[in-house]
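Below is one structure, written out as C-alpha cells; comments come after it.
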Amino acid sequence: MHSNPTFPFPEWVALVIAYGIPFAMLVIFGALGAWSERRHYASIRAREAATARLPAVNLKSWDGGRPVADAWLVTASVVISIDYLKRFLAGWRKIFGGPVRSYETLLDRARREALLRLKEQCPEADLIANLRFDTASIATARGRRQGVAGVEVVASGTAIRYAAAGAAAGR
141 MHSNPTFPFP
151 EWVALVIAYG
161 IPFAMLVIFG
171 ALGAWSERRH
181 YASIRAREAA
191 TARLPAVNLK
201 SWDGGRPVAD
211 AWLVTASVVI
221 SIDYLKRFLA
231 GWRKIFGGPV
241 RSYETLLDRA
251 RREALLRLKE
261 QCPEADLIAN
271 LRFDTASIAT
281 ARGRRQGVAG
291 VEVVASGTAI
301 RYAAAGAAAG
311 R
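Here the sequence shown is numbered in the working numbering, starting from 141 and rising by one per residue.
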C-alpha cells in the first residue's frame, strides 16, 4: 500500500467510500421505495373496495334508457415519482433493451390513484362515463443526464346521476 499525503487512509478505505457508499445508498433508497410502494398499493386496494359500487366506463353512455337527473365533468390528477433503485434499473434497461417493469408499476399506481381520486369527488353519482386518462412524464435535467423522475396521470370523465325511478314514471 502506498501512502498518499492528501488521503492518509489505506486505499481500501477510498474504494469503500467511492463504491460502497453509493451502492449502500442505492440499496437503502430501493428498500424505502419498495416499502412506500407496498403501502401505497395497500391503500389503493382498500379504497378500490370502498368505491367499487361506482362504475367508471370509457363509453359515452352506459344506460341510454334511464333519464339523467344530473351530469357534470370530474377530473383528478396525481403525480408519482420513481425511486432511485427503479431509476437505476431502468437505466440498465436503456442499455440492454426490453420492457421496463419498474415504470409499469409506476404507471399502474398512478392510473389507479387518479381513478380513485376521480371517484372520491362524486360519491353521489351512479356512473362515471367517457372515462379518459392522459399521461405525462416528468423529467429531470441535471447537466446532460435526463431521465424520468415521475409521471403525472390526469383522469377525467362525466359523472352521471340518474333520476329516481318514481321521478321517471311521473314524466
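Ideal placement from N, C-alpha and C gives every residue a C-beta, glycine not left out.
Nearest to ARG272 by CA position, among THR215, GLY231, ALA305, is which residue?
As a position in the sequence shown, residue 272 is number 132, starting the count at 1. Comparing Cα-Cα distances from ARG272 to each of THR215, GLY231, ALA305, the minimum goes to THR215.
Taking 8 angstroms as the threshold, find out whether the segment 147–159 comes into contact with the segment 217–232 through three or more Cβ pairs.
Cβ pair count under 8 angstroms is below three, so no.
Have a look at SER183 and ILE220 and give me their C-alpha separation to the nearest angstrom.
Counted from its first residue, the sequence shown places residue 183 at position 43. Counted from its first residue, the sequence shown places residue 220 at position 80. Using only the alpha carbons, I get a separation of about 14 angstroms.
Exposed or buried, which one is VAL293 when buried takes at least 16 other CB atoms within 10 Å?
For this step, residue 293 is matched to residue 153 along the sequence shown. It counts as buried.
From the DSSP output, in three-state form, read off GLY205 for me.
For the purposes of this step, residue 205 is taken as residue 65 along the sequence shown, with counting starting at 1. Here GLY205 sits in coil by DSSP.
Could you spell out the range, first to last residue, of the alpha helix (DSSP H) harbouring GLY237?
Start at 1 with the first residue of the sequence shown, and residue 237 comes out as number 97. No alpha helix (DSSP H) contains GLY237, which DSSP labels as neither H nor E.
For ASP266, tell me which candidate among THR146, GLU253, TRP152, ALA192 has the shortest Cα-Cα distance.
Here the question's residue 266 lines up with position 126 in the sequence shown. Nearest option by C-alpha distance: ALA192.
Determine, for THR275, whether the minimum Cβ-Cβ distance to residues of chain D falls below 8 angstroms.
The displayed structure is made up of one protein chain only, and chain D is not part of it.
Less than 8 angstroms between the CB atoms is what I'm expecting for LEU258 and ALA209, so what's the real figure, rounded?
What you label residue 258 is simply residue 118 of the sequence shown in a count that begins at 1. What you label residue 209 is simply residue 69 of the sequence shown in a count that begins at 1. About 20 angstroms; that fails the 8 angstroms criterion.
Secondary structure at ASP248, three-state DSSP: helix, strand or coil?
Indexing the sequence shown from 1 puts residue 248 at position 108. Three-state DSSP puts ASP248 in a helix.
What does the alpha-carbon distance come out to for the pair TYR302 and ALA211?
Stepping through the sequence shown from its first residue, residue 302 is reached at position 162. Stepping through the sequence shown from its first residue, residue 211 is reached at position 71. TYR302 and ALA211: Cα-Cα distance of roughly 9 angstroms.
Could you give the distance in angstroms between the alpha-carbon of ALA304 and the alpha-carbon of ARG206?
Taking the first residue of the sequence shown as position 1, residue 304 is located at position 164. Taking the first residue of the sequence shown as position 1, residue 206 is located at position 66. About 9 angstroms.
By the three-class DSSP mapping on this structure, what secondary structure does PHE273 have?
In the sequence shown, residue 273 corresponds to position 133, counting from 1. It is a strand residue.
Measuring CB to CB, does ALA250 end up less than 8 angstroms from VAL291?
Looking up residue 250 in the sequence shown gives position 110. Looking up residue 291 in the sequence shown gives position 151. Cβ distance < 8 angstroms, so ALA250 and VAL291 count as in contact.
Do you know how far the Cα of ARG185 is from the Cα of VAL167?
Here residue 167 is taken as the residue at index 27 of the sequence shown, counted from 1. Here residue 185 is taken as the residue at index 45 of the sequence shown, counted from 1. Computed Cα separation, rounded: 27 angstroms.
If we call anything under 8 angstroms between Cβ atoms a contact, is THR245 one with ILE268?
The sequence position of residue 245 within the sequence shown is 105, counting from 1. The sequence position of residue 268 within the sequence shown is 128, counting from 1. Contact flag unset, no.
What would DSSP say about LEU194, mapped onto helix, strand or coil?
Taking the sequence shown and counting its residues from 1, one reaches residue 194 at position 54. In this structure, LEU194 counts as coil in the three-state DSSP scheme.
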